[in-house]
Each structure stands twice: as structure tokens, then as C-alpha cells.
Amino acid sequence: MKNRLKVLRAERDWSQAELAGRLDVSRQAVNAIETGKHDPSLPLAFKIARLFDMPIEDIFDDGETA
Amino acid sequence: MPYRPYAMTETDRSYAYKYVWFSAACSVVLLPLYLFGAQGLPYGWVFGGTVGGLLASAVTGRTDDYYRSLCAVGHRWVACALSLYILAGWFLYLTDVGSPAGRGMLSAGISPGPTGAAALFFDGQLAAIMLAIIYHAGYGFQWLRDRAWSEDGA
């Protein structure tokens with residue numbers, strides 16, 4: 001699943017480790033999500049959305065929406 | 067935000083990813099140690115390292131989604147290997163029932179005792195060590211696959 005996590009993180013000038021700390025996950029998990037290797041669970045997706053104060057659909061793209 | 071002195075940090079969570087490689091190395095070293103009959107403290111350390119990695123994969127409270135997804139691949143590999151192992155044993159049990167009885171009827175002699183399944187299931191500890199190696203192989207396979215897709219590595 002494509003996502004804008006890397007862009008959003010870069011806009012805030014956060015490192016992967018810093019974002020991981022804010023999301024209560026590991027740096028490896030952030031890297032895996034950013035590179036599309038791993039889709040986050042629903043609770044983590046909500047946490048990411050809340051952190052960036054954006055709807056989930058604006059961060060993650062499952063390729064189904066027009 | 068409340069003060070949580072024992073809250074996990076990012077470093078704590080990343081530790082699980084590092085420990086699994088230590089556990090993998092221990093499981094690989096454990097096999098020759100066991101086969102050559104090594105005993106003593108080093109054997110205990112290696113044994114503990116292997117068991118620790120397996121236990122860590124089963125305890126999900128201090129790990130994140132991605133770590134658990136990597137572990138799940140290792141667990142699937144173990145389930146597959148274990149089912150094939152048991153299936154092979156089942157076939158051998160069939161042979162143990164069929165072949166000696168057939169031979170006994172044909173030759174009217176003393177039928178040999180069960181051998182096939184006994185040969186496969188003779189060493190539970192060896193089977194357990196092999197399953198530990200297979201678990202880490204599955205974890206490592208998925209980790210490498212993710213690195214191959216990755217744009218910037220991990």
C-alpha cells in the first residue's frame with residue numbers, strides 16, 4: 001500500500017527513530033511502512049493519522065479510491 | 067502526559083530485531099554442539115540464546131506490528147516443516163504396519179519389528195533444534211525479501 005509517511009515526516013524534519021518514538025513502534029517498523037513493505041494495523045494507522053492530524057485516506061492509498 | 071518510568075522507548079523496541087539474529091546464530095551453533103555431544107556452560111548459553119529468541123517471538127507485548135509479521139513467517143515455516151515431519155512419520159507408521167505383516171505372511175518367518183517411524187522419531191531434541199533453525203530461516207527469508215524491495219534499506 002502506498003503512503004505519504006516519508007513526505008509527512010520529512011516536512012516535520014523528524015528522523016525515522018523520532019517518528020517511531022512518537023508512534024510507540026520501532027525504527028524498523030517505520031522504515032517498513034514508509035517503503036511499502038508492511039501495512040500498519042488499523043490501530044497504528046489511526047495513531048499515524050492522529051499524529052499528523054489528517055484523515056487516514058490522505059496518508060494511505062490502497063489504490064481503490066478514484 | 068503522565069510520567070511512565072518503565073515505558074518502552076524506540077531503542078527498547080528495536081532490541082527485539084537485534085536479539086533475533088543472536089538467537090538465529092545460537093540455533094545454528096547449537097546443532098553441531100548437540101550432534102558432537104558438547105556439554106557444559108557454553109552449551110547452556112547457546113541453548114538459552116536459542117530458546118530466548120523463540121520465546122521472544124511468542125510474547126507480543128513488547129514488540130511492534132512489523133516484528134510480529136516477520137515472526138509470523140518463521141512460525142508458518144515451522145508449522146509447515148512440522149506438518150511434513152508428522153506426515154512423513156504417518157506414512158512410515160503405515161509401512162511399519164503393512165510391510166512386516168506382509169513379509170511375515172509370505173515367508174512364514176519372524177516379522178521384523180517397526181523400524182521406519184522409529185528411525186524418524188528417534189530424537190526429539192534434534193527435531194526441536196531443527197525447528198528452531200527453520201523458524202529463524204523463515205524470519206531471515208522474509209527480512210531479506212523486505213530488504214530487496216526496500217528503497218533505502220533498514
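Taken in order, these protein sequences are the chains called A and B. One point on numbering: in my numbering, the residue at position 50 of the first sequence is 50, and numbering is uninterrupted. If you count the second sequence from 1, you need to add 66 to reach my numbering. The beta-carbon is built from N, C-alpha and C at its ideal position, and this holds for glycine as well.
Here's the rule I'm using: 16 or more other beta-carbon atoms within 10 Å means buried, otherwise exposed. How should residue i be labelled?
i	result
B/C92	buried
B/T129	buried
B/D131	buried
A/T35	buried
A/V7	exposed
B/Q208	buried
A/F42	Per the sequence presented here, residue 42 of chain A reads as Leu, with Phe not at that position. Per the 10 Å Cβ criterion, exposed.
B/A73	exposed
A/L5	buried
B/Y133	buried
B/A104	exposed
A/R50	exposed
B/A82	buried
A/P40	buried
A/F46	exposed
Assuming residue i and residue j form a contact by the criterion Cβ under 8 Å, report the distance between their Cβ atoms to the nearest whole angstrom.
i	j	result
B/I195	B/W143	Not really, about 15 Å apart at Cβ, beyond 8 Å.
A/L124	A/V25	Residue 124 of chain A is absent from the model: chain A starts at 1 and stops at 66.
B/Y151	B/A193	7 Å
B/G118	B/S89	6 Å
B/T75	A/G21	7 Å
B/Y205	B/L136	5 Å
A/K2	A/D58	A/K2 to A/D58, Cβ: 12 Å. No contact.
Report the neighbours of residue i on chain A: residues whose CB is nearer than 8 Å to its CB, in chain order.
i	result
B/Y72	The contacting residues do not exist; B/Y72 stays about 14 Å from chain A at best.
Going straight from the alpha carbon of residue i to that of residue j, what length do you get?
i	j	result
B/G115	A/M54	43 Å
B/T126	B/R79	11 Å
B/V95	B/F102	11 Å
A/A10	A/F52	12 Å
B/L197	B/H141	10 Å
B/P108	B/A145	29 Å
B/A220	A/H38	Note that B/A220 scores 47 on pLDDT, short of 50, meaning its location in the model is unreliable; the coordinates nonetheless yield the value given after this. Each residue's Cα considered, the two are about 13 Å apart.
B/A184	B/F157	12 Å
B/G155	A/W14	55 Å
B/P98	A/L23	42 Å
A/E64	B/F188	54 Å
B/Y100	B/H202	18 Å
B/A214	B/Y159	43 Å
B/V86	B/Y69	30 Å
B/Q191	B/D212	32 Å
So with CB distances below 9 Å, who are the chain B contacts of residue i?
i	result
A/A20	E76, R79, S80 and D130
Using a cut-off of 7 Å between C-beta atoms, extract the partners of residue i located in chain B.
i	result
A/A10	The contacting residues do not exist; A/A10 stays about 12 Å from chain B at best.
A/A17	E76
Which residues, taken in chain order from the segment 22 to 44 of chain A, show a beta carbon closer than 7 Å to some beta carbon of chain B? Here the close residues are V25, S26, R27, Q28, A29, N31, A32, T35, K37, H38, P40, S41 and L44.
Closer than 7 Å between beta carbons: that is the criterion. Which residues of the segment 74 to 89 of chain B meet it against chain A? Answer in chain order: T75, E76, R79, S80 and Y83.
Name the residues in the segment 132 to 148 of chain B whose C-beta lies less than 8 Å from a C-beta of chain A; which are they? Hits within the stretch, in order: Y132, Y133 and S135.
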